[in-house]
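Chemist: First the structure, then my questions, so here it is.
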Amino acid sequence: MAGEPTDLVLSERREGYRVLTLNRPDRLNAFTGAMHEALRAALDDAVADETCRALLLTGAGRGFCAGQDLSERRGGEGRAVDLSQTLDQYYNPLIRRLRDLPMPVVCAVNGVAAGAGANLALACDIVLAARSATFLQAFARLGLVPDAGGTWVLPRLVGRARARGLALLAEPLAAETAEAWGMIWRVHDDAVLMDEAHRLAARLATQPTAGLRLIRDALDASETNDLDRQLDLERDLQGRAGRTPDYREGVAAFLEKRPPRFTGGAS
């Protein structure tokens, strides 16, 4: 069931997956503490649901997420604000949670993704974007450092030179350029973005969920492992994957020349 229109994060159950929608369209879905809490609760609820095997994250209205709502971060006259507390309390746990979910996450960027909103999108497993969407590392405009994992993910996605340009110049990047640079998976025309995102989430929800999680673990570890460590990790993860019911089902379906019926269970 969809959440009420006043909810800060709408949660909608679909067959095999959930749609989580950031819902402050009048503020381009900029984050407040309350919206962080709502998203945390929605993620908890999805993980507790054994029938949920994928997530689709998007934003209501004309934007995905404009990052932090700065009206919550004003200091009094002559008083500084400790932004590190915001990261410790909200953004860092959110990014860690997304990277550690037991299911794949599709992000549909339906408009501007700025600041922490851009890096929230890039923390997801597969990012789709509307052709009109833009990505903006807005932090330098405020004298700040990219956060929500931005300084980690950008060099790995687009390389050192492009990451520095995006961070230091704080210029918007068109979705088609983001796709060409390998920052996101695919661009779609605005009118079909959500249809394509739903199609992808529904597909992932029928796949071997435990195996997909192990693939993600291996790819994440490869960022810092040398080849020997990565080969050892592949060995260990493959051993775990081979003990899952989905592996047995995949082999049986291949030999019997039929579509597999994966259940998503771990070993």
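Using the numbering used here, the letters of the sequence shown map in sequence onto residues 1 to 267. The C-beta atom is built at its ideal place from N, Cα and C for all residues, glycine as well.
Touch check for the segment 104-123 and the segment 132-149: three-plus C-beta pairs under 8 Å?
Modeler: Yes, since at least three Cβ pairs between the segment 104-123 and the segment 132-149 fall closer than 8 Å, the two stretches touch.
Chemist: When the distance is taken between beta carbons, is leucine 166 closer than 8 Å to leucine 154?
Modeler: Along the sequence shown, one-based indexing puts residue 154 at 154. Along the sequence shown, one-based indexing puts residue 166 at 166. Taking 8 Å as the Cβ cut-off, leucine 154 and leucine 166 qualify as a contacting pair.
Chemist: Where do the ends of the alpha helix (DSSP H) carrying arginine 235 lie?
Modeler: As a working note, residue 235 is residue 235 in the sequence shown. Arginine 235 -> alpha helix (DSSP H) spans 227-242.
Chemist: Enumerate, from N- to C-terminal direction, the unbroken beta strand (DSSP E) stretches of 3 or more residues contained entirely within the segment 22-82.
Modeler: Qualifying beta strand (DSSP E) stretches, in chain order: 55-59, 63-65.
Chemist: Output the boundary residues of the beta strand (DSSP E) element that contains leucine 212.
Modeler: Residue mapping note: residue 212 aligns to position 212 of the sequence shown, counting from 1. Premise fails: leucine 212 lies in the alpha helix (DSSP H), 209-221, not in any beta strand (DSSP E).
Chemist: With distances taken between CB atoms, is the gap from proline 200 to valine 106 smaller than 8 Å?
Modeler: Taking the sequence shown and counting its residues from 1, one reaches residue 200 at position 200. Taking the sequence shown and counting its residues from 1, one reaches residue 106 at position 106. The sequence shown places leucine at residue 200, not proline. Yes, they are a contact pair.
Chemist: For threonine 303, which residues in the same chain have their Cβ closer than 8 Å to its Cβ, ignoring the five residues on either side in sequence?
Modeler: Since the displayed the chain opens at 1 and closes at 267, residue 303 lies outside it and no answer follows.
Chemist: Our contact map puts glycine 143 next to cysteine 65 with C-beta atoms below 8 Å; I'd like the distance itself, whole angstroms only.
Modeler: If you number the sequence shown from 1, residue 143 lands on position 143. If you number the sequence shown from 1, residue 65 lands on position 65. About 21 Å separates the two Cβ atoms, so there is no contact after all.
Chemist: Just to confirm, are valine 9 and alanine 46 a CB contact at a threshold of 8 Å?
Modeler: Translated into the one-based positions of the sequence shown, residue 9 becomes position 9. Translated into the one-based positions of the sequence shown, residue 46 becomes position 46. No; because the gap between Cβ atoms is not below 8 Å, this pair is not in contact.
Chemist: Specify whether the segment 157-172 and the segment 216-231 touch according to this definition: at least 3 beta carbon pairs, one from each stretch, less than 8 Å apart.
Modeler: With a cut-off of 8 Å, the segment 216-231 and the segment 157-172 do not count as touching, because too few Cβ pairs lie within range.
Chemist: Report the rounded CA-to-CA distance for lysine 257 versus arginine 248, giving the unit in angstroms.
Modeler: Against the sequence shown, residue 257 aligns to sequence position 257. Against the sequence shown, residue 248 aligns to sequence position 248. Answer to the nearest angstrom: the Cα atoms are 14 Å apart.
Chemist: Once you ignore the five residues that flank methionine 194 on each side, which residues in its own chain have a CB closer than 8 Å to its CB?
Modeler: Start at 1 with the first residue of the sequence shown, and residue 194 comes out as number 194. Excluding residues within five positions, the ones whose Cβ falls inside 8 Å are Thr58, Ala108, Asn110.
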